[in-house]
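Numbering of the sequence shown is given in our numbering, commencing with residue 15 and proceeding in unit increments. Glycine included, C-beta positions come from ideal geometry on N, C-alpha and C. Inspection log for the structure reproduced underneath, given as structure tokens.
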Amino acid sequence: MFSSGATGLSDASSTPSAPTPAPSPTAQLPNLDLRIPTSAQEVSDTTKQAASWFDTHWQGWLASGLRIVLIVVLALVLRAVVRKLISQLIGRMARTAEHQEESRLGGLLANTGVVNPERRQQRSEAIGSVLRSVASFSILGTAALMVLSALGVNLAPLLASAGVAGVAIGFGARNLVTDFLSGVFMIMEDQYGVGDEIDTGVATGTVLEVGLRVTKLRGANGEIWYIRNGEVKRIANMSQGWATASVDVQIGYKEDLQRAEDLILQTAEELAKEAPYDELVWAPVSILGVESVAADSVMVRIEARTAPGKSAVVSRALRQRLKVAFDRAGIKVKEEPLTAAGAAAASAATGVVIAPVPAPATEPAAPSALADPNSARFKATEPIPAPKPEP
Numbered sequence: 015m016f017s018s019g020a021t022g023l024s025d026a027s028s029t030p031s032a033p034t035p036a037p038s039p040t041a042q043l044p045n046l047d048l049r050i051p052t053s054a055q056e057v058s059d060t061t062k063q064a065a066s067w068f069d070t071h072w073q074g075w076l077a078s079g080l081r082i083v084l085i086v087v088l089a090l091v092l093r094a095v096v097r098k099l100i101s102q103l104i105g106r107m108a109r110t111a112e113h114q115e116e117s118r119l120g121g122l123l124a125n126t127g128v129v130n131p132e133r134r135q136q137r138s139e140a141i142g143s144v145l146r147s148v149a150s151f152s153i154l155g156t157a158a159l160m161v162l163s164a165l166g167v168n169l170a171p172l173l174a175s176a177g178v179a180g181v182a183i184g185f186g187a188r189n190l191v192t193d194f195l196s197g198v199f200m201i202m203e204d205q206y207g208v209g210d211e212i213d214t215g216v217a218t219g220t221v222l223e224v225g226l227r228v229t230k231l232r233g234a235n236g237e238i239w240y241i242r243n244g245e246v247k248r249i250a251n252m253s254q255g256w257a258t259a260s261v262d263v264q265i266g267y268k269e270d271l272q273r274a275e276d277l278i279l280q281t282a283e284e285l286a287k288e289a290p291y292d293e294l295v296w297a298p299v300s301i302l303g304v305e306s307v308a309a310d311s312v313m314v315r316i317e318a319r320t321a322p323g324k325s326a327v328v329s330r331a332l333r334q335r336l337k338v339a340f341d342r343a344g345i346k347v348k349e350e351p352l353t354a355a356g357a358a359a360a361s362a363a364t365g366v367v368i369a370p371v372p373a374p375a376t377e378p379a380a381p382s383a384l385a386d387p388n389s390a391r392f393k394a395t396e397p398i399p400a401p402k403p404e405p
């Protein structure tokens, strides 16, 4: 009896209190005999062994498969939702000026006086494309790591290697990262776009292509500039909003300024009504006043608001029209100096003696060393005397 009780205690103590954990789906395969069975007994044993191994692991396979399917489905759903939210966000940012008061996000693209609706739409699409790409990469990359973890892959060495590689790449490609981030902010802030005339400090030209790393410009002489976005410290955009055409008009000192200003305004109004300048001049020409006064002329400055990038065209056309108008009206751009005959005629007409303006005297030439017969250079130019014949 004691023996049986001891045996019962021994059996009870040897029984494990916790249930045996289910085998991992990636548990190693048993040592199967891969030889081709040659008898019915070997076939039966092999079949039973395979059935037992499958019966032990099929639950783990099913759980892992369901986990992987759930991860993939959730990642795809989350990606679709995030992309939809980004599209709605970009749509609200790209609203027109009439609807921007209702949107708090419209301030990011609210350059209503500078950027036209088409330009705003292009910028919003570029920003949306970048945000959607970043969101898809982040979500799908995280889902891929979770799938590998569900398959039993040890991610510690992989993450450690990726961390070390990321640090090495970060130190080696810091300029690349700087260029990329600068390109993203340039697109988001709409500093310039394709077709704009810009000055980056290192090059000036028309933008041909805007990338996240490099901006391509066409220079004034036809050259193409490739500028890294991270190297651009300042940008002057001459194609946004409007431009100013500034012209300095020279008028003779004795001319009537009021008559000359009226003629300038009339000529500018006629220019603004003719094609193609009727679409280039956006505001009437204004006379700012006298810019400088000289002894023989007066400089008057005028300005006109023009289409962006067209100030030079309007300025050249306005100068040409003013020259023709001044010639027809007999307005001189500079007073001519009085000659002796002109001074005598003016003295006879006014009774006041007016002295003619003397002609500028020519500067005397510098003295030459050869003009002095006693100088060493003059003596050096004398011919060598012939030798005297001996008696």
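Contact belief for residue i with residue j at Cβ below 8 Å, rounded distance in angstroms
i: G209; j: V228; result: No, G209 and V228 are not in contact; Cβ-Cβ is about 17 Å, not under 8 Å.
i: D193; j: G244; result: 4 Å
i: A257; j: I265; result: A257 to I265, Cβ: 25 Å. No contact.
i: E269; j: I345; result: 5 Å
i: A164; j: I82; result: 5 Å
i: G225; j: G255; result: Contact doesn't hold; Cβ gap of about 24 Å is too wide.
i: I249; j: Q205; result: 5 Å
i: R335; j: V261; result: That belief does not hold up - the Cβ atoms of R335 and V261 are roughly 10 Å apart, past 8 Å.
Best match in the options for proximity to residue i [C-alpha to C-alpha]
i: A223; options: A217, G207, S78 and I212; result: Correcting the residue type first, residue 223 is Glu in the shown sequence and not Ala. For E223, the nearest C-alpha among the options comes from G207.
i: V161; options: R273, S311, L80 and A174; result: L80
i: G233; options: E211, L332, R248 and L169; result: E211
i: G323; options: E275, A259 and L195; result: A259
i: K287; options: G236, L90 and A331; result: A331
i: L172; options: K348, L159, L165 and I241; result: L159
i: A2; options: A250, S150, L103 and L190; result: The structure shown does not extend to residue 2, since the chain is modelled only from 15 through 405, so no value can be given for it.
i: S138; options: R106, V167 and A400; result: R106
i: L145; options: V96, R335, A339 and V86; result: V96
i: F340; options: E203, W75, L169 and L279; result: L279
i: P290; options: R333, K393 and V328; result: V328
i: V295; options: S306, Q63 and A326; result: A326
i: T281; options: M252, A308, T320 and R342; result: R342
i: G155; options: E56, F392, V86 and N388; result: V86
i: Q102; options: S143, N235, A321 and A394; result: S143
i: D213; options: R188, A179, S253 and A182; result: S253
i: E293; options: E349, V167, M200 and A318; result: A318
Span of the alpha helix (DSSP H), counted from its first residue to its last, around residue i
i: E293; result: Y291 to L294
Simplified DSSP state of residue i, which is helix, strand or coil
i: G324; result: Checking the sequence shown, residue 324 turns out to be Lys, not Gly. Correct three-state label for K324: coil.
i: Q280; result: helix
i: A155; result: The sequence given here has Gly at residue 155, not Ala. Helix, per DSSP.
i: N235; result: coil
i: T214; result: coil
i: T395; result: coil
i: R408; result: Past the edges of the chain, shown from 15 to 405, lies residue 408, and the structure says nothing about it.
i: A309; result: coil
i: G344; result: coil
i: V338; result: helix
i: G303; result: strand
i: I316; result: strand
i: E219; result: The sequence given here places Gly at residue 219; Glu does not occur at that position. G219 falls in the strand class under three-state DSSP.
i: I249; result: coil
i: V208; result: coil
i: E203; result: helix
i: R242; result: strand
i: K402; result: coil
i: V167; result: coil
Residue range of the unbroken beta strand (DSSP E) whose run includes residue i
i: D5; result: One cannot answer for residue 5 here, as it falls past the ends of the chain, which runs 15 to 405.
Margin query: Can you confirm whether the segment 234-243 touches the segment 298-318 when touching is taken to mean that 3 or more C-beta pairs between the two stretches lie within less than 8 Å?
Written below: no
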